[in-house]
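Scroll down for the structure; my scribbles are underneath it.
4 protein chains.
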Amino acid sequence: MNVTGIFPALSTPFEADGNVSLTGMKHNIRLYNQTGLAGYVVLGSTGESVMVSRDEADQIYAAVKETAAAGKILIAGTGAESTAETIARTKRAASLGYQVALVKTPYYYKPTYRAEHFIHHYRAVADASPIPVLLYSVPVFTNITLETPEILALAQHPNIIGIKDSSGSIQRIGEVVAGAPSRFQVLTGGAAVVYPCLVMGGRGAILALADLLPEKCVELYELFQQGRHEQARQVQLQLVVASKTVFGENGIPGLKYAMELRGYKGGYPRSPLLPLKEEKKHPIEMLLGELYPAAARV
Amino acid sequence: MNVTGIFPALSTPFEADGNVSLTGMKHNIRLYNQTGLAGYVVLGSTGESVMVSRDEADQIYAAVKETAAAGKILIAGTGAESTAETIARTKRAASLGYQVALVKTPYYYKPTYRAEHFIHHYRAVADASPIPVLLYSVPVFTNITLETPEILALAQHPNIIGIKDSSGSIQRIGEVVAGAPSRFQVLTGGAAVVYPCLVMGGRGAILALADLLPEKCVELYELFQQGRHEQARQVQLQLVVASKTVFGENGIPGLKYAMELRGYKGGYPRSPLLPLKEEKKHPIEMLLGELYPAAARV
Amino acid sequence: MNVTGIFPALSTPFEADGNVSLTGMKHNIRLYNQTGLAGYVVLGSTGESVMVSRDEADQIYAAVKETAAAGKILIAGTGAESTAETIARTKRAASLGYQVALVKTPYYYKPTYRAEHFIHHYRAVADASPIPVLLYSVPVFTNITLETPEILALAQHPNIIGIKDSSGSIQRIGEVVAGAPSRFQVLTGGAAVVYPCLVMGGRGAILALADLLPEKCVELYELFQQGRHEQARQVQLQLVVASKTVFGENGIPGLKYAMELRGYKGGYPRSPLLPLKEEKKHPIEMLLGELYPAAARV
Amino acid sequence: MNVTGIFPALSTPFEADGNVSLTGMKHNIRLYNQTGLAGYVVLGSTGESVMVSRDEADQIYAAVKETAAAGKILIAGTGAESTAETIARTKRAASLGYQVALVKTPYYYKPTYRAEHFIHHYRAVADASPIPVLLYSVPVFTNITLETPEILALAQHPNIIGIKDSSGSIQRIGEVVAGAPSRFQVLTGGAAVVYPCLVMGGRGAILALADLLPEKCVELYELFQQGRHEQARQVQLQLVVASKTVFGENGIPGLKYAMELRGYKGGYPRSPLLPLKEEKKHPIEMLLGELYPAAARV
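Protein sequences, first through last, are from chains A, B, C and D.
Following our numbering, the numbering of the first sequence begins with -13 at its first residue and continues without gaps.
Following our numbering, the numbering of the second sequence begins with -13 at its first residue and continues without gaps.
Following our numbering, the numbering of the third sequence begins with -13 at its first residue and continues without gaps.
Following our numbering, the numbering of the fourth sequence begins with -13 at its first residue and continues without gaps.
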């Protein structure tokens, strides 16, 4: 299973009453189908998966599955705190047609967890999973970092095909590329470091920013593939600025507001996340106006 | 609602096959009923609540409710990431006979969360809850600390009766006691700082260590109540050492092993937590042998 | 050597032109001589020791020595990054009449330093020092915490008489009191936790706040000595609020401004520390007005 | 002043008796003179500057100055906690013939320092300095990170020519390249991220690893300059592994041991740093054997 290229970490649009907007979700997918995105990641951190019930998750999985264009790779976020629940979610996603499981680290009992706990957990999940597993290290949310030794140990498992590393550390990407079998695929979760990741041997990226700027993200990937380094650098610098402006202190609410400006369905976040404040909107509007002078909309 | 005194943060015993041992849970409650514990806290961090399904939670709530002696205050851990789910769990616990909801902070989107998010979240929960709410700040697991300003703001809400502060900061306990209305009750989650908490004006403690050493914890509380400061200090020093030995790097698996030694049902933890390693058992056995020379068992 | 009681961590007043105000220093000492302070700590963190040259340090040591009343214990901050320089400063302070050396941890090479480095460092200093040594753990400035195992190892050294622990952790104070020989003296550096430290078996405190409120700090200590717990708690709560108000985000510039209000010589801080901003002054003025209604001045 | 290319952050060799080995220093410089290194950085973090007296610093400055080949750019680490001392050291270095001052952030009073303190400090230093100033952010040692807004503010100063960013964050390098005037030069301090830094628009690197592997570091730089990306990536992966092996948990003592193996004068570190333990030596010997199969020595 090849997970190269750019994948959006799909956000989940909610209605004002708090319900999932499956219509909005499908609207977005139809727009994304027209781009060079390699596939879709459903219910990762950007998808507010920790806010969503199991029933809602099933509906979201189904909506994306039925709307995705042929050939788009479907990746399901299935990580839970317990090993058993993670396996159950992974099997469920596989039965609904998902091709890869993105499994974030457990994190609640961080003072007790050691490398051996993560190795034990991921091996059990990979052994039980009918589909290939991607490790997922996202310390900004979990305060857990998968370090190089445990990643390299897990890279030996035949059903673990790679990692999404959202730590932002390009050094670790280098260490993993240098130490893992070449079949092990490294993707970054940081829109600001896609190009550095690629030059070090990473295969692609899973990005919240690709919900908003899929064409730019794909363009960067293709420029790199073509060896057009200076142009790639220029697009990367645009993404650096865009990422800072949209997310910065805003997080998901910033993304959702920006998506609406471009004609996507961003929708509401779920509480305790709150809609973007008025005073935070202007920089995002300015940014989109600069990136798309004629029309900021899709 | 008065939540003074010592409450155990109940651990949840699992069988070797991973199922919840309701029999074990009831066994423990029957033993605790004979002590001076003020009540029971079900499905907090020590109860592995993040490992437990909603159906299992219902069974655990019911098992403790039906076994608890009259007069024991029943507190349910009901915090979830989303405000809506927290309210749903709180209402469910209230309907099952629980008297107080212990609500940990949301934490996943920590780079976005500010004081205003916590204030908004807790107010919504307290407004909707049929039972009084205790704030719960447990940075060791969540990396979120409720700071004094937001605590004092929330202390004004008529349905928020206090806080379990597991940060270990006695300074913050002082700040809250100095700044909150006197009806606002401060409890510590740290077995090593119960006595310092009490001398500063705290009302009691919710302790994992009270699963193992309920008599000692209650003794400390009573000695303080009687103004026997030097004896209280001596018992506190015992709890300092016991807490370090049992938990230390071991966490919940250490507690579960120690509970078995004393005749309680500790059971297995859920993966990715792993049973205590052989080489970690000896210090715990030594500790219990010193605390209870004649017999370490109940 | 007995270091019980309350010691001010003396601030160093600078003139507007950046020179040390030895006159101001002596003025303060004369005022402090009239209080129940147990002695003086010169050139600790509050004294901006990292901003002061060796020549200036000598002048400051001499000024305090010549002004201090008989019986006041003189403690010199002598910690430097290198072991050799720490020993040199310690010998110098001893030769100038100082009775105890307060030695902060080395900290610059923190990714390399392990417990063994601290043990090696302190043993070398204590072996070479003509005067007794106090360990000094101040993670707020150094990001290094002396943990209980290394403290207990060092507590065995005959020339190491105790520790100033400024971490604010009352748990660690309990661990050290429980594990160290009774001759080993634990002092806190946190004005907000003096009373909790004392009830756990600590001997006293070295406090920046005692530069400003020496009488209140001494009063707390004496109330505790007399077993007047409720009154001690009340004074401690006053110090909690005062400490937050004066230092909070202000640090040393807040202290210096407040000292001037009470008739002490606070003087200027050294750049990059900056004088207190106008908008930060009012809360300090309010606090002193409440503590000393008739007159906020000495 | 152009600071592009690779600069070694020179280590300072000490004799067994603790004295600076000026002979060793000169021996190293003579070897480095034969490489493509762009110049020398004296008394940065790797040079144990915090362990060195002002007199020793003068001798070291002079030794490097007199030995350096013509055309090698001389950069002096001159950062101290106080603004005044930093200016004094900078003027001294300039008077001894140094061309650039590398000024690390102040850090001791980190709870008080805000962006404005760093801006004030650096502007005062740059105003007073007869030579151009490089900012230096090294959070691994200082726990202070210069963030993009203050870097961009300082990049406007005519006497601040760039930054050595040792945080390892390639995202920040992108942000600074995107936001600063093109004359502002960004260098990384991380040997594991030189190539990613360069592709993002950085100008070079100041590296402890360049004390040991100057040819490899220069080779990487030149491959990038020639647009030979795949070869640059391969050399970067070698440096990733080398950096982890030499430094890892070893720090400066690992570097010093490795330098001796290659014929440089590594010498002893100063206490509390301790010579490399026996069991840590083998991986370094293996690494050098693999990098230089015929002979690991210069």
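For every residue, glycine included, the Cβ atom is placed at its ideal position computed from N, Cα and C.
Chain-order list of residues whose beta-carbon lies under 6 Å from that of residue i (same chain, five-residue window excluded)
i, result
"A:Tyr250", "Asn14"
"A:Leu165", "Checking the sequence shown, residue 165 of chain A turns out to be Gly, not Leu. Excluding residues within five positions, the ones whose Cβ falls inside 6 Å are Leu138."
"B:Gly10", "Pro(-1), Lys251 and Gly253"
Straight-line Cα distance separating residue j from residue i
i, j, result
"D:Tyr47", "D:Asn236", "26 Å"
"A:Thr98", "B:Leu260", "10 Å"
"A:Glu133", "B:Gln222", "38 Å"
"D:Cys183", "D:Thr131", "17 Å"
"A:Val28", "A:Ala62", "5 Å"
"A:Val124", "A:Lys12", "27 Å"
"A:Tyr93", "B:Val126", "11 Å"
"C:Ala43", "C:Pro239", "20 Å"
"C:Gly190", "C:Gln171", "8 Å"
"A:Ala24", "A:Ile(-8)", "6 Å"
"C:Val111", "C:Ile147", "13 Å"
"C:Tyr278", "C:Gly234", "20 Å"
"D:Ser257", "C:Ile73", "11 Å"
"D:Ile149", "A:Ile159", "24 Å"
"C:Val232", "A:Glu34", "41 Å"
"C:Gln45", "C:Lys58", "19 Å"
"C:Asp113", "C:His107", "10 Å"
"D:Glu201", "D:Glu264", "27 Å"
"D:Gln85", "B:Ala178", "56 Å"
"A:Phe210", "A:Gly154", "19 Å"
"C:Ala141", "C:Leu82", "26 Å"
"A:Gly213", "D:Gln212", "14 Å"
"D:Ala244", "B:Leu247", "51 Å"
Per DSSP, cross-strand counterpart(s) of residue i
i, result
"C:Leu120", "C:Leu88 and C:Gly148"
"D:Val227", "Paired residues: none, contrary to the question."
"D:Pro(-6)", "D:Leu193"
"B:Ala62", "B:Val28 and B:Ala87"
"A:Leu173", "A:Lys150 and A:Gly190"
"A:Ser115", "None; A:Ser115 has no bridge partner."
"A:Phe127", "None, per the DSSP bridge assignment."
"A:Val6", "A:Phe0"
"C:Tyr254", "C:Phe0"
Residues of its chain near residue i, where Cβ-Cβ distance is below 8 Å and the 5 sequence neighbours each way are ignored
i, result
"B:Tyr254", "Pro(-1), Phe0, Glu1, Ala2, Gly4, Lys242 and Pro261"
"B:Leu173", "Val(-11), Phe(-7), Leu120, Gly148, Ile149, Lys150, Asp151, Cys183, Gly188, Arg189, Gly190, Ala191 and Ile192"
Integer Cβ distance of residue i from residue j, believed to fall under 8 Å
i, j, result
"D:Glu102", "C:Met37", "Not really, about 18 Å apart at Cβ, beyond 8 Å."
"A:Ala(-5)", "A:Leu193", "6 Å"
"A:Ile105", "A:Glu136", "6 Å"
"A:Arg219", "D:Gly187", "6 Å"
"B:Tyr53", "B:Arg109", "Looking at the sequence itself, residue 53 of chain B is Thr, so the reference to Tyr does not match. B:Thr53 to B:Arg109, Cβ: 34 Å. No contact."
"B:Thr91", "B:Tyr122", "7 Å"
Proximal residues to residue i (C-beta, below 7 Å), its chain only, five neighbours per side dropped
i, result
"D:Asn129", "Tyr93 and Lys96"
"C:Val204", "Ile(-8), Thr21, Gly22 and Leu23"
"A:Ile156", "Val179, Pro182, Cys183 and Met186"
"C:Val226", "Ala178"
### Query
Quick one, which residues of the segment 203 to 220 of chain C are near chain B if we go by CB-CB under 7 Å, in chain order?
The segment 203 to 220 of chain C vs chain B, Cβ under 7 Å: His215 and Arg219.
So if I threshold CB-CB distances at 7 Å, which residues from the segment 184 to 200 of chain B count as touching chain C?
Those residues of the segment 184 to 200 of chain B that come within reach of chain C (Cβ to Cβ, closer than 7 Å) are Val185, Met186 and Gly187.
When you check each C-beta in the segment 147 to 179 of chain B against every C-beta of chain C, which residues fall closer than 7 Å? For chain C, the residues of the segment 147 to 179 of chain B that bring a beta carbon within less than 7 Å of one of its beta carbons are Gly154, Ser155, Ile156, Gln157, Gly160, Glu161, Val163, Ala164, Gly176, Ala178 and Val179, in chain order.
- Contact residues within the segment 221 to 244 of chain C, judged by C-beta distance below 7 Å to chain B: Cβ contacts with chain B come from Gln222, Leu223, Val226, Val227 and Lys230.
- Item | Contact residues within the segment 94 to 126 of chain A, judged by C-beta distance below 8 Å to chain B | Sequence-ordered contacts of the segment 94 to 126 of chain A with chain B read Tyr94, Tyr95, Lys96, Pro97, Thr98, Tyr99, Glu102, His103, Phe104, His106, His107, Ala110 and Val126 [C-beta pairs closer than 8 Å].
Short-range partners of chain D found in the segment 244 to 259 of chain A, where Cβ spacing is below 7 Å
Listed by position along the chain: nothing, the set is empty.
Worksheet item: According to a CB-to-CB cut-off of less than 8 Å, which residues of the segment 39 to 67 of chain C neighbour chain D?
Response: Near chain D, meaning a CB-to-CB distance below 8 Å, the residues of the segment 39 to 67 of chain C are Ser39 and Glu67.
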